[in-house]
Amino acid sequence: MDNILPFLKDLTENNDRDWFKAHKKEYDKSRKSFVELVDKVIVGLSSFEPQVAGLTSKAAVFRIYRDVRFSNDKRPYKTHYGAFLAENGRKSTKAGYYFHIAPGECFLGGGLYRPSAEQLKKVRAQIDYNAQSLRDIVAADNFKSVYGDMQGEQLKTAPRDFSKDHPDIDLLRFKDFLGTHQFSEAVLNDNPVDYIVERFEALKPFVDYFNDALMFEDEEPKVNF
Numbered sequence: 014m015d016n017i018l019p020f021l022k023d024l025t026e027n028n029d030r031d032w033f034k035a036h037k038k039e040y041d042k043s044r045k046s047f048v049e050l051v052d053k054v055i056v057g058l059s060s061f062e063p064q065v066a067g068l069t070s071k072a073a074v075f076r077i078y079r080d081v082r083f084s085n086d087k088r089p090y091k092t093h094y095g096a097f098l099a100e101n102g103r104k105s106t107k108a109g110y111y112f113h114i115a116p117g118e119c120f121l122g123g124g125l126y127r128p129s130a131e132q133l134k135k136v137r138a139q140i141d142y143n144a145q146s147l148r149d150i151v152a153a154d155n156f157k158s159v160y161g162d163m164q165g166e167q168l169k170t171a172p173r174d175f176s177k178d179h180p181d182i183d184l185l186r187f188k189d190f191l192g193t194h195q196f197s198e199a200v201l202n203d204n205p206v207d208y209i210v211e212r213f214e215a216l217k218p219f220v221d222y223f224n225d226a227l228m229f230e231d232e233e234p235k236v237n238f
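If you use our numbering, the sequence shown corresponds to residues 14 to 238, in order.
Have a look at this one:
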């Protein structure tokens, strides 16, 4: 693991194609180390998360190349490594688990990020029907001690079809449903696999709540009136 952050730090200071081409071997070695880490985390995670059984690091790891076509920032490379662990990996539309390594910004977490309008409708119906389960999950000691409060972008007012006086409006305003945990770079030199997997296990009930909501394809959860 000791070659991941040094390469990313150098890339942060030299984010151009000529430098990258000249240091392609260092990139290959650091990416291999990250992929090996992802493979080990998948094995640990699959012991309690069936949706990642059979997942490969190739499907989970994000490319380092940035899409600059519609961006004012023309730097060609990301300066971090990231992987999304869920059914179908980084292309998944389900709730899942993510970890991210960058100089000065290492974190892990997961949940449901940027759901489609249809997915968000299903999640809000689930909250309307059973908000207490979500409240219990995020109030549990194993979630609270690692992730603190649920995070994510929120509406400033009530979503359509819900009253601003709804008893669960604080949850219904969310547009993303995330748990995030920052960790020290020193973790990478200790036992990162166990560290990451243990904290993902604390996130599983949270991930399950949203995937349960998304499983309703032909009908949504019943809503209390």
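Ideal Cβ positions, reconstructed from N, Cα and C, are used throughout, including at glycine.
State yes or no: is the C-beta of residue i within less than 9 Å of the C-beta of residue j?
i, j, result
"F97", "R103", "yes"
"L201", "I114", "yes"
"P172", "R137", "yes"
"S43", "L21", "yes"
"A153", "D181", "no"
"Y110", "A99", "yes"
"V65", "L58", "yes"
Rounded to whole angstroms, what's the CA-CA distance from residue i to residue j? Just pull it up for me.
i, j, result
"P63", "K217", "11 Å"
"Y78", "P205", "25 Å"
"R82", "K177", "40 Å"
"P128", "D86", "25 Å"
"F75", "A108", "17 Å"
"E214", "K135", "24 Å"
"P234", "D225", "Because the pLDDT of P234 is 44, which lies under 50, any placement of that residue in the model is unreliable, and the number read from its coordinates should be weighed accordingly. So the alpha carbons of these two residues sit roughly 10 Å apart."
"E198", "N16", "12 Å"
Three-state secondary structure (DSSP) at residue i?
i, result
"I150", "helix"
"T69", "coil"
"E26", "helix"
"E62", "coil"
"I77", "coil"
With residue i and residue j assumed to form a contact (beta carbons below 8 Å), what rounded beta-carbon distance in angstroms separates them?
i, j, result
"F187", "G165", "5 Å"
"V51", "S70", "4 Å"
Within 10 angstroms of the Cβ of residue i, are there 16 or more other Cβ atoms? Answer buried if so, exposed if not.
i, result
"R212", "buried"
"A130", "exposed"
"F61", "exposed"
"F229", "exposed"
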